[in-house]
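Visitor:
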Amino acid sequence: ADVEADPNAAIAKLAEAYPQAGELTVTPMDEAWFPVLVREYPKPMPFVPVIDNDLLRWWGQDQLWQSEDSRYSADSVRIIPGPISVAGITTIDEPIADILGRFEAAMVKR
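Numbering (our numbering), first residue to last: 39 to 148.
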């Protein structure tokens, strides 16, 4: 079921697949353990697991998650270019066609 189109059907499908989901509760021990698990996992989770004092760190942990989500336009995603990318910026307000042309020329040279 499509969660956005029919959230109740999605919840029903989840409950059908995991019957105990409606009965089991998250214990305080689980609640404390989950953020620790997410911090230590090698690949950042594509969500903010807990709203706490580390919110900015959680939000920025996986820099590219929005760029991989088709719901977001190119103008609305957060990007953090690295030093190699920034080194290629040589002109203020350079048209994208010029940038791509430089990239193409560099690839042809290789």
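Beta carbons: idealized from backbone N, C-alpha and C, even for Gly. For clarity, every value in this text was computed on a predicted model and none was experimentally measured.
Got a sec? Which residues, its chain only, sit under 6 Å from PRO41 by beta carbon, not counting five neighbours each side?
Guide: Before going on, a small fix: residue 41 reads as Val here, not Pro. So the qualifying residues of the chain are ALA48.
Visitor: Start and end of the alpha helix (DSSP H) containing MET83?
Guide: Looking at the DSSP string, MET83 is not in any alpha helix (DSSP H), and its letter there is neither H nor E.
Visitor: Out of PRO133, LEU52 and PRO66, which one is the CA nearest neighbour of GLY60?
Guide: LEU52
Visitor: Taking the continuous alpha helix (DSSP H) assigned at GLU142, which residues delimit it?
Guide: 134 to 147
Visitor: Just mark TRP71 as buried or exposed, buried being the case when its beta carbon has 16 or more other beta carbons within 10 Å.
Guide: exposed
Visitor: Give me, in chain order, the residues of the same chain whose beta-carbon lies closer than 6 Å to that of TRP96; leave out the 5 immediate sequence neighbours on both sides.
Guide: Take TRP96, set aside five residues on each side of it, and the residues of its chain with a beta-carbon closer than 6 Å to its own are VAL86, in chain order.
Visitor: When the Cα atoms are used, what is the spatial distance from TYR56 to ARG109?
Guide: 28 Å
Visitor: Kindly indicate the opening and closing residues of the alpha helix (DSSP H) around PRO121.
Guide: 121 to 125
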